[in-house]
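Trainee:
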Amino acid sequence: MNILVINAGSSSLKYQLLNPETEQVLAKGLCERIGIDGKFTYKPEGKQALKGADVPMPTHSEAIQAVLNALVDPVNGVIHSMKEIDAVGHRVVHGGEKFSQSVVITGEVMAAIEECDPLAPLHNPANIIGIKACQALMPNTPMVAVFDTAFHQTMPPVAYTYALPYEYYTKDKVRRYGFHGTSHNYVAGRAAAMLGRPIEQLKLISCHLGNGSSVTAIDGGKSVDTSMGFTPLAGLPMGTRSGDIDAGILEYLMGKYQMDIQQMLEVLNKKSGVLGISGVSSDFRDLEEAAPQGNQRAALALDVFAYGVKKLIGAYAAAMGGVDAVIFTAGVGENGPETREAATAGLEFMGIKLDAEKNKVRGKEMDVSAADATVRTLVIPTNEELMIARDTARLTR
Numbered sequence: 265m266n267i268l269v270i271n272a273g274s275s276s277l278k279y280q281l282l283n284p285e286t287e288q289v290l291a292k293g294l295c296e297r298i299g300i301d302g303k304f305t306y307k308p309e310g311k312q313a314l315k316g317a318d319v320p321m322p323t324h325s326e327a328i329q330a331v332l333n334a335l336v337d338p339v340n341g342v343i344h345s346m347k348e349i350d351a352v353g354h355r356v357v358h359g360g361e362k363f364s365q366s367v368v369i370t371g372e373v374m375a376a377i378e379e380c381d382p383l384a385p386l387h388n389p390a391n392i393i394g395i396k397a398c399q400a401l402m403p404n405t406p407m408v409a410v411f412d413t414a415f416h417q418t419m420p421p422v423a424y425t426y427a428l429p430y431e432y433y434t435k436d437k438v439r440r441y442g443f444h445g446t447s448h449n450y451v452a453g454r455a456a457a458m459l460g461r462p463i464e465q466l467k468l469i470s471c472h473l474g475n476g477s478s479v480t481a482i483d484g485g486k487s488v489d490t491s492m493g494f495t496p497l498a499g500l501p502m503g504t505r506s507g508d509i510d511a512g513i514l515e516y517l518m519g520k521y522q523m524d525i526q527q528m529l530e531v532l533n534k535k536s537g538v539l540g541i542s543g544v545s546s547d548f549r550d551l552e553e554a555a556p557q558g559n560q561r562a563a564l565a566l567d568v569f570a571y572g573v574k575k576l577i578g579a580y581a582a583a584m585g586g587v588d589a590v591i592f593t594a595g596v597g598e599n600g601p602e603t604r605e606a607a608t609a610g611l612e613f614m615g616i617k618l619d620a621e622k623n624k625v626r627g628k629e630m631d632v633s634a635a636d637a638t639v640r641t642l643v644i645p646t647n648e649e650l651m652i653a654r655d656t657a658r659l660t661r
């Protein structure tokens, strides 16, 4: 069964064609600068990638058409016709409280997704554009929406309720939603397989660390707390996002520098995080190069980030009444030995202890715990596309 996975952004579109049963990726790539000048990257299995080709993409429809053309191309294609695409799985960032699992896309589902637009104004409209573009070009192909927020719908009220007037929740749905759910769900399943235990018996802490970062407490396979909140701005300091801050800071800075709320949000979302602290970069690799050369602000940015991860590990172990394994995933989690070491240093009293040699691993699934650790520390590369494909196959088979 071949599933086309689409992750549409406002001016970009990531895609993969894969078989969820065999986990074989037939082709993958990226459409960039949609609506500008169009850059198309296509990598078929076993062949050289076609990078940065100029393809007219005034809208997402042309981007999707470029993807489909490449997949059936006589020379570089990986399928003979569109009929070999059995279904399309779409990443949708926000499903609000309406969706606790993936769903086949219908007119009613589309209307419900559009109702969530105010909760994710930077993401959901782009996701919807991608869905509509695919529907126009592939009207007879079933499609599934897979939500970043769905995995976190198992959180109890004590974890998702904000201490605001309660009518802001009942009337306006202001609550913690959480994100990266597809990633957290995938690595939790892999952790159970690595440990050889039923997931229902495990207490896991999943650290999805990258330019966007979140930590999730997973008890018995269900999300019970997570660090991102009503929006992806909450929680850890990230590449350019501030993470949790005192809300009174907004009033202070807006008054002092005569900023309106949009300008303030621009600062919080795009000029803060490790970029704001370091003044160097939002890329952790750049900070890891600058810190040993004496850049104290780069070192501080890395320390603040790792300290935030450490605090959440401790908090979520307390929330669950214990922990069996801590998982590191996503770009920094998978490829940052220094971050993993810093985030777990001092947690030996909890049974968390790394093996320094094993922890040198990058981008490979491995247990990096010391022999005498009672809590396992696992590095697990995430695979959100595979999770989307699996859900899509299950719902459309």
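Quick note on numbering: this note's numbering labels position 260 of the sequence shown as 524, and the sequence is numbered without any gaps.
Note that beta-carbon positions come from the ideal geometry of N, C-alpha and C, so glycine has one too.
As the structure is a computational prediction, the values presented were derived from the model and not from experiment.
1. By the three-class DSSP mapping on this structure, what secondary structure does Ile-463 have?
2. Helix, strand or coil for Thr-593, going by three-state DSSP, please let me know.
3. By DSSP, does His-324 sit in helix, in strand, or in coil?
4. Among Pro-320, Val-531, Leu-497, Glu-605, whose alpha-carbon lies nearest the alpha-carbon of Val-625?
5. At which residues does the alpha helix (DSSP H) containing Thr-608 begin and terminate?
6. Hey, Val-410 and Ala-384: beta-carbon distance below 8 Å or not?
7. May I ask you to list the residues that DSSP assigns as paired with Arg-658?
8. Please give me, in chain order, every unbroken run of the beta strand (DSSP E) with length at least 3 that falls completely inside the stretch 270-345.
9. By alpha-carbon positions, which one of Glu-464, Ala-452, Gly-460, Thr-504 ends up nearest to Ser-477?
10. Which residue's Cα is closest to the Cα of Met-362: Met-584, Lys-437, Gly-558, Gly-519?
11. Could you tell me which residues DSSP pairs with Thr-641 in its beta bridges?
12. My output table needs one value for Leu-650: the three-state DSSP class, helix, strand or coil.
13. What's the C-alpha gap between Ala-583 and Tyr-430?
14. Return helix, strand or coil for Met-492, following the three-state DSSP convention.
15. Using CA coordinates, which residue listed in Val-289, Thr-593, Phe-494 is at the minimum distance from Tyr-433?
16. Sort Asp-381, Ser-633, Ile-328 by Cα distance to Leu-459 and report the nearest one.
17. Can you tell me where the beta strand (DSSP E) holding Met-407 begins and where it ends?
18. According to DSSP, what are the bridge partners of Asp-619?
19. Which runs of the beta strand (DSSP E) at least 3 residues long sit entirely within the stretch 519-596? Give them in chain order.
20. Using the C-alpha atoms, what's the distance from Val-587 back to Val-639?
21. Select from Glu-612, Gly-359, Arg-661, Leu-268 the residue whose C-alpha is nearest the C-alpha of Thr-641.
22. Along the chain, where does the alpha helix (DSSP H) that runs through Gly-394 open and close?
23. Arg-461: buried (16+ other C-beta within 10 angstroms of its C-beta) or exposed?
24. DSSP has Ser-366 in a bridge; who is on the other side?
25. Please classify His-448: does DSSP put it in a helix, a strand, or coil?
26. Pick helix, strand or coil for Gly-360, following the three-state DSSP scheme.
27. Residues in its own chain within less than 7 Å of Lys-292 by CB, not counting five upstream and five downstream?
28. Kindly confirm or deny that the stretch 393-411 and the stretch 650-661 touch, where touching means at least three C-beta pairs closer than 8 Å.
Mentor: Well, looking at it:
1. For this step, residue 463 is matched to residue 199 along the sequence shown. Residue state, collapsed to three classes: helix.
2. Residue 593 sits at position 329 when you count from the first residue of the sequence shown. Three-state DSSP puts Thr-593 in a strand.
3. Indexing the sequence shown from 1 puts residue 324 at position 60. Helix.
4. Mapped onto the sequence shown, residue 625 falls at position 361. Comparing Cα positions, the closest option is Glu-605.
5. Within the sequence shown, the letter at position 344 stands for residue 608. Per DSSP, Thr-608 belongs to the alpha helix (DSSP H) from 601-608.
6. Locating residue 410 in the sequence shown gives position 146, counting from the first residue. Locating residue 384 in the sequence shown gives position 120, counting from the first residue. Contact flag unset, no.
7. Here residue 658 corresponds to residue number 394 of the sequence shown, with the count starting at 1. Paired residues: none, contrary to the question.
8. 277-283, 288-296, 303-308, 314-318
9. The sequence position of residue 477 within the sequence shown is 213, counting from 1. The shortest C-alpha separation from Ser-477 is found at Thr-504.
10. Start at 1 with the first residue of the sequence shown, and residue 362 comes out as number 98. Before going further, note that residue 362 is Lys rather than Met in the sequence given. Answer by Cα proximity: Lys-437.
11. Start at 1 with the first residue of the sequence shown, and residue 641 comes out as number 377. Answer by DSSP bridge pairing, in chain order: Val-590.
12. The residue labelled residue 650 in the question sits at position 386 within the sequence shown. If DSSP states are grouped into helix, strand and coil, Leu-650 belongs with the helices.
13. Indexing the sequence shown from 1 puts residue 583 at position 319. Indexing the sequence shown from 1 puts residue 430 at position 166. Going by the C-alpha atoms only, they are around 23 Å apart.
14. Counting from 1 along the sequence shown, the entry for residue 492 is found at position 228. DSSP places Met-492 in coil when its eight states are reduced to three.
15. Here the question's residue 433 lines up with position 169 in the sequence shown. Here the closest residue by C-alpha is Phe-494.
16. The sequence position of residue 459 within the sequence shown is 195, counting from 1. For the residues Asp-381, Ser-633, Ile-328, the minimum Cα distance to Leu-459 belongs to Ser-633.
17. As a position in the sequence shown, residue 407 is number 143, starting the count at 1. Per DSSP, the unbroken beta strand (DSSP E) holding Met-407 starts and ends at 407-411.
18. Taking the sequence shown and counting its residues from 1, the one referred to as residue 619 is at position 355. Beta-bridge partners of Asp-619 (DSSP): none assigned.
19. Secondary structure within the stretch 519-596: the beta strand (DSSP E) runs of 3 or more consecutive residues, fully enclosed, are 589-593 (chain order).
20. Position 375 of the sequence shown, counted from the first residue, corresponds to residue 639. Position 323 of the sequence shown, counted from the first residue, corresponds to residue 587. Approximately 7 Å between the Cα atoms of the pair.
21. Within the sequence shown, the letter at position 377 stands for residue 641. It is Glu-612.
22. As a first step, residue 394 is located in the sequence shown; it is residue number 130 there, counting from the start. Gly-394: member of the alpha helix (DSSP H) spanning 388-401, first to last residue.
23. By 1-based counting over the sequence shown, the position of residue 461 is 197. It is exposed - the Cβ of Arg-461 has fewer than 16 other Cβ atoms within 10 Å.
24. Walking along the sequence shown from the start, residue 366 turns up at place 102. DSSP, once it has assigned bridges, lists no residue as partnering Ser-366.
25. Mapped onto the sequence shown, residue 448 falls at position 184. The answer is helix: DSSP assigns His-448 an H, G or I state.
26. Here residue 360 is taken as the residue at index 96 of the sequence shown, counted from 1. Three-state DSSP puts Gly-360 in coil, outside helix and strand.
27. The residue given as residue 292 occupies position 28 in the sequence shown. Same-chain partners within the cutoff: Tyr-279, Gln-280, Lys-307.
28. yes
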